[in-house]
Every structure is written in structure tokens, then in C-alpha cells.
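K.L.:
If you count the sequence shown from 1, you need to add 19 to reach my numbering. Even glycine gets a Cβ: it sits at the ideal position worked out from N, Cα and C. Given the structure is predicted, the values throughout are model-derived calculations rather than measurements.
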Amino acid sequence: MSNYLEYFFDHSGQLLSIVSVGLVWVGFSALGALFGRPDRVRALDPLVGWAWLGFVFTALGVFFAIPFSYLSLMSLVVAIIAGIIVWRRDGRLLPSGFLHLVLLALPLIILVSAMRASQWDEFPHWLMIPRYMLETDFFPSSGNPYPQAYLTGYPFSWHFVTYLASRVAGRILENAGALTNVFLLLSFGLIVAQMIARGSGQSEKVANSSWFLIALGGAIMFLANPTLTQKIVFTSYAETSSAVALGAAVVVGWLMCEALIEGETERAKSYAWQMGALLALLINLKQATMVLVALVLIANFLVVIRDRQVRLGQYLLLLPRIALPAILLYFIWRYHVSNELAGRELSLRPFDEWFFPLIPEILIKMLVVLSKKGFYLALIIMTLCIGLRGYLRSISPLDRFAAITAMVILGYNAFLFLAYLAAFGKFDALRAASFWRYNMHLGPTVIAFSAYSASVLWRQYISDRWDVRRLRWLPAIALIIAPFVFAKKIRFDKSPMVVHYRNVGASLPEYLNNDDRYFIFDPLGSGESSVIVRYELGHRAKSFGRVSAFDSARLKILKAVLARPKLTTMIVFSMDEGFSGIIGQRLNAGYTYLLRREELGPWRVEGSWPKPNLK
């Protein structure tokens, strides 16, 4: 029983994590609501506030090199003022229904607050960069290179979340991203509730006050979400934020089109401002999200010109407030990357190096990946079919929503195919690397459309035959109980080898100093041990590289590295046949070792840690 409780109550810093991330989220909401009109989509206030804060941080940080600590203090003052104004005006700081969902999801929030970083990309990228932000107070640049971080040319809006929460906490919060992802999905659960209410002919006010619809929206996002992969959602990865920002932009863009058709010009303007903020947020999350921004704009434009009920002139008048914030932010960051961070992001190869002969194999692999996700594949096939029909007919809100969603799905998967063809290496292209992870960006969009279309069908064909009032308690109960049922699966950060790597890495500063040069030998491992050790060591000592299972000439590499006189230490997580003969030591395979030598002398064991028993 005590081991089970440790899934939920694992360390003393959990409350600090929840409070820090919660305060940042409330601040985002206050900023987003400050200039919002009464007819806005209130559930999106936190995303809108986050978007404008990211815009200000990026512009002032790039052009004026204002320290992040100053920008944080300025943001705090503005958020407090905004909170006072919004509270006096609206009587609340958070969207209606959000606290309902937080209460229902409290077991999940507590569970996630106990988690620590455990996934590969978290250590060299999603956590390393906020750590540098805290240490250096400025963006990476030629004079401030963030030497141990990967892909520093990526946009920074997602990093701002971990940075701000860590600034509130007074230390780096490894689970700030995971907790924010939970809040993002809860917020989109409110959007799903509104889509269900709209599709079933109910008002938005009903969705904001109905415990059933609110719980149903949250349960759909966490229990019926075909793209919810726990090792992505409950980590610091930016996939969930990208997915929610995209889904929100698609929904608001569709609502704007409907407002124009209904002659509600002022409401359309309100949606346009929100859409502009959401696209600015989306483009500043990851490098590839620029494509998603373009797809949303193109899909909306094609629906507008297809449907004669929308006056093109009115839409074009709204276009600057929709597209200009994202365009400005894109070029601000491109300016910084081109001047300070050349080569620190993915780029296309020359045209003659594209993998044209591999096109059939790449397409087949992409299809194989999707075929393993049956529910998701069924939803997108249904959406594409309804979307084609909807674009050809374009006579109802369902038609237009389906057309926009279908174009975004098709366009993004076409872009991913192009990326495998022209940007990824051959090995990754042939296995369609991370194809499912990228398709997760489409999840909330597909869910929002599916919820709306299902509620339309329910209203037309089923509602008179089946009374669901007896099941109104089910979504809330499911949302509360699910974390207790899936606690072990969610706490993947307690994987024995990950815990071992982290414990070893945390112990190494006792043995190494700044003058040491170390090499990591792990020929049976994936290389995860090396990124964890680098993260735990921070600036202490310098890495001379690693050997993992992906290196074909492992012992040859080891011999070459051992010949370097500046190499003083080696961390051995696993061993190859012949290893003992090279270093002159017989080591027990059940331990991880720290070896040291002096001036090319013999190696001696300086520290050892028993490995967990995985049987």
C-alpha cells in the first residue's frame, strides 16, 4: 500500500509545483481576459494571455536584450493589475467551469506533481534550455551559446512556461511542463463541452454551468483522446501545447466564419483577435508549427471563398488581426536565429539530395504507423470523408467545420511526408520517425470536430429515443477514478533504469570537478544514460562523448577516446566483450562504475552503484 501511495505523494516539492504552475496559469488567464470582449471564447483566456506574454518576451528579448528577470517582474506587475481589473469586471479570474474540472482532476494533478523528468528529449532540450534561461537571463546567442542544449533555434514560448514557473518556485521545476499540459487539456475540455452544447442546440452558457457537460469534455480529453500518449503528455514535451493551440485556432476560426454568415460582425472581430493570438502562440512553440499556422489560414480562406454566405470583403478586413501577430513574431525570431543561432535547428537538404527513390517505402511506413492507431485512423477517415462532402456542399456549420478540419489534417500529413523526403536522415525517413508523435498535434482538432458532429447526429436521430440523465454522473466519476486505476502506467518516470541513471548522475558531482573530462560507455543502452548524466552534472566537468548500442564500432571508438590524454574519468553503465581487456579491469556487470586515471595511467574504480534487478 505504501508503494502505491508513493505514486501520488513522492516528494515534498509537489505543493510548490502545483502552486507555481497554478499562479502562472492564473496570470495568463488575467492577461488574456484583460482586453477580451464579452463575446469571446472565455475558455481560451489563458492561451491568449500566454500568447501576448510570449510575444512581448520575444520582441523585447531579441531587439533590446532585456533580461528575462526584468521581463518576469514586469509581467508580474501587469498580471496583478490585470487580475484586479478582470476580477472587478467579471467577478472571476479563470474561465467558467475550469475550477470544476480542476476539482475533478485533482487526483491526476497530484499524481503528475510527483513526477520527475524521465524522457530523452527533456534533458538536453526542454529542461536544459529553461535552466540556461534561469542562469544566463538572456536568449541563446553567439555570445551566450547554451553549449549543452539541443536545437536552441526553436521558438521559446513553451520554454517561457517552465521558466516562469521555476522563477516563481525559486528553482527549476521539472514537472512544470507536465502540469501545464494537464491544464491545457482541461481548458480544451471546456471547448469540447461547448462544441457538444452547440451541436445539440444548447447555448454556450449551458456548457459553462453544466457539471455533466464540463465533466464530459474533460473525460473525453483524458479518457477518450486517441492521441493521449502518457510519455508525451505528462512530460515537458511541447506536443500537447502545440496540439491544443492548433485545435483552439481551428475552432475559433470556424466560429468566426459562422459569425460572419450570421451577420454578427462584432462577434467575428472578437473571434479574429483571439485567433490572431492563438496563431501567434502556435507559431512560437516549435519550428514546424509555422506549417500549422499556414494551414489554418489557408483552410479558413478556402472555406470563405467557397461559401457565398460569407462576404469576402468582411473577411479580408479581419485578416490583418488574424495573421499579422503570427507573421511579426515569426520574422522577429527568424531575425534572431539568422543572426545569432545559424545551424541550431532542422533545415531542408539540397533538392538533389531528397530521397525520391524511397517515396513508396516512406508512404507505406506512414500508413503502417497510422494503422496501429485504429481509433484515431477511423476518426480522421470519417473527418476526411465528411470534410470533402462538406466543402462541396458548404451549406451548414457542420460542412464548414468538417472542411476546415479535413484540410488541416491532409495538409499537415503532406508536410510530414515532405519532411521525411527532404529534412530527415535516411534511417529516420524509412521508419517515419516520430510520425505518430507529430500526428498528436491534430488530436484536439479531430476531437473538437468529432464531438460537434456526434452531438449534431445525436440531436437529429437519437436524443428523442434515449434519456441520458441516468448516466450524467458517469464522466465525473470516470475522471476522478482514472488516475487511481492508471497510476502505475502514468508514473513511467519510476522506471528502474531511469531512476538508476538519475541517481548515478546526481552522485557524480561528489566525484568530479570542473577540470575533469569524462566519457560514457554504455554499449547495451540507447544513450539515454548519457543525456541524463549531462543534465545532472550541469557545468561540472566536460563530456568527451559516449558509446551506445547505436554505435557499430564501439570498442574501436573506446580505444580512440582512451588515447586522449585529457580524458580523466569514464562512467561505465554496461560492457561489451573485450572491454575488460582494454581498460585492464574486471568489472561486475551488475554495477555502474566511475573509473579514474592519472595522465594515461591505469584505470581505478572510484565509485560504483548497483543496478536495479529488472527480473
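How long is the line joining the alpha carbons of Ser-36 and Glu-277, rounded to whole angstroms?
P.N.:
Their Cα atoms are separated by approximately 40 Å.
K.L.:
Are there 16 or more other CB atoms within 10 angstroms of the CB of Lys-445, so buried, or fewer, so exposed?
P.N.:
Burial call: exposed.
K.L.:
Do Asp-64 and Pro-114 have their CB atoms nearer than 8 Å?
P.N.:
Taking 8 Å as the Cβ cut-off, Asp-64 and Pro-114 qualify as a contacting pair.
K.L.:
Let me check one thing: in DSSP terms, what residues is Val-624 bridge-paired to?
P.N.:
Val-624 pairs with Leu-614.
K.L.:
Is the stretch 132-144 touching the stretch 241-260, taking contact as three or more C-beta pairs under 8 Å?
P.N.:
The stretch 132-144, when compared against the stretch 241-260, does touch it at the 8 Å Cβ threshold.
K.L.:
If we require 4 or more residues per run, which alpha helix (DSSP H) segments fall completely within the stretch 301-386?
P.N.:
Within the stretch 301-386, the complete alpha helix (DSSP H) runs of at least 4 residues are 308-325, 331-359.
K.L.:
Tell me the rounded alpha-carbon separation between Phe-142 and Asn-194.
P.N.:
Using only the alpha carbons, I get a separation of about 12 Å.
K.L.:
Should Ser-571 go down as buried or exposed, given a rule of 16 or more other Cβ atoms within 10 Å for buried?
P.N.:
Exposed, because fewer than 16 other Cβ atoms sit within 10 Å of the Cβ of Ser-571.
K.L.:
Where Arg-456 and Phe-538 are concerned, what is the direct C-alpha to C-alpha distance, given to the nearest angstrom?
P.N.:
Roughly 31 Å separates the two Cα atoms.
K.L.:
When we look at the beta-carbon of Asp-534 and count the other beta-carbons within 10 Å, is it buried (16 or more) or exposed?
P.N.:
Asp-534 is exposed by the Cβ-count criterion.
K.L.:
Indicate the three-state DSSP secondary structure (helix, strand or coil) for Ser-219 in the structure shown.
P.N.:
In this structure, Ser-219 counts as coil in the three-state DSSP scheme.
K.L.:
DSSP three-state label for Gly-564, please.
P.N.:
Looking at Gly-564 - three-state DSSP - the assignment turns out to be strand.
K.L.:
Rounded to a whole number of angstroms, what is the C-alpha to C-alpha distance between Ile-302 and Leu-314?
P.N.:
C-alpha separation (whole angstroms): 12 Å.
K.L.:
In the DSSP assignment, the alpha helix (DSSP H) including Tyr-151 goes from what residue to what residue?
P.N.:
It spans 147-155 - the alpha helix (DSSP H) in which Tyr-151 sits, taken as one unbroken run.
K.L.:
Bridge partners for Val-504 per DSSP, in chain order?
P.N.:
Partner(s): none; Val-504 has no beta bridge.
K.L.:
Here's the rule I'm using: 16 or more other beta-carbon atoms within 10 Å means buried, otherwise exposed. How should Val-312 be labelled?
P.N.:
Buried, since its Cβ has 16 or more Cβ neighbours within 10 Å.
K.L.:
Which residues does DSSP list as the beta-bridge partners of Met-589?
P.N.:
Answer by DSSP bridge pairing, in chain order: Phe-538, Leu-614.
K.L.:
Once the 5 residues before and after Met-240 are set aside, which same chain residues still bring their CB inside 8 Å of it?
P.N.:
So the qualifying residues of the chain are Leu-204, Leu-205, Phe-207, Gly-208, Val-211, Leu-247, Pro-463, Ile-466.
K.L.:
Report yes or no: do the stretch 213-222 and the stretch 366-378 share at least 3 C-beta pairs separated by less than 8 Å?
P.N.:
Touching, no, given that fewer than three Cβ pairs across the two stretches are closer than 8 Å.
K.L.:
Decide yes or no for the touch test of the stretch 126-136 against the stretch 180-195: beta carbon pairs closer than 8 Å, at least 3 of them.
P.N.:
Touching, per the Cβ criterion.
K.L.:
According to the neighbour-count rule (16 or more other Cβ atoms, all chains shown, within 10 Å of its Cβ), is Ile-481 buried or exposed?
P.N.:
Exposed is the call here.
K.L.:
Quick check: Leu-398 and Ala-448, are their CB atoms within less than 8 Å of each other?
P.N.:
Taking 8 Å as the Cβ cut-off, Leu-398 and Ala-448 do not qualify as a contacting pair.
K.L.:
Measuring alpha carbon to alpha carbon, tell me which residue in Ser-229, Phe-158, Val-97 is nearest Leu-79.
P.N.:
The candidate whose alpha carbon is nearest that of Leu-79 is Phe-158.
K.L.:
Please report the straight-line C-alpha distance between Val-322 and Arg-419, rounded to a whole angstrom.
P.N.:
Roughly 7 Å separates the two Cα atoms.
K.L.:
Determine the direct distance from the alpha carbon of Val-387 to that of Ser-261, and round the result to whole angstroms.
P.N.:
Going by the C-alpha atoms only, they are around 24 Å apart.
K.L.:
Out of Arg-616, Asn-607, Arg-605, which one is the CA nearest neighbour of Arg-583?
P.N.:
Nearest C-alpha to Arg-583: Arg-616.
K.L.:
Is Pro-494 helix, strand or coil when you go by DSSP?
P.N.:
Helix, per DSSP.
K.L.:
Which of the three DSSP states is assigned to Pro-166 in this structure?
P.N.:
It is coil, neither helix nor strand.
K.L.:
Let me check understanding here. Comparing Cα to Cα, which of Ala-441, Leu-577, Thr-588 lies closest to Glu-596?
P.N.:
Selected option, being the one with the closest Cα: Leu-577.
K.L.:
Mind checking which residues open and close the alpha helix (DSSP H) that includes Ala-433?
P.N.:
Unbroken alpha helix (DSSP H) run through Ala-433: 416-441.
K.L.:
Should Gln-479 be labelled buried (16 or more other beta-carbon atoms within 10 Å of its own) or exposed?
P.N.:
By the neighbour-count rule (16 or more Cβ atoms within 10 Å), Gln-479 is not buried but exposed.
K.L.:
Under the DSSP definition of a beta bridge, which residues are partnered with Pro-629?
P.N.:
Note: Pro-629 sits in a beta bridge opposite Tyr-610.
K.L.:
Going by beta-carbon coordinates alone, are Ser-567 and Gly-546 separated by less than 8 Å?
P.N.:
Yes, the Cβ-Cβ distance between Ser-567 and Gly-546 is below 8 Å.
K.L.:
So does the stretch 261-274 actually touch the stretch 35-55, counting three or more Cβ pairs closer than 8 Å?
P.N.:
No contact exists between the stretch 261-274 and the stretch 35-55.
K.L.:
Got a sec: is the Cβ-Cβ distance from Val-315 to anything in chain B below 8 Å?
P.N.:
The structure shown has no chain B; it contains just one protein chain.
K.L.:
Straight-line CA distance for Tyr-290 to Leu-435?
P.N.:
Distance between the alpha carbons of Tyr-290 and Leu-435 is about 29 Å.
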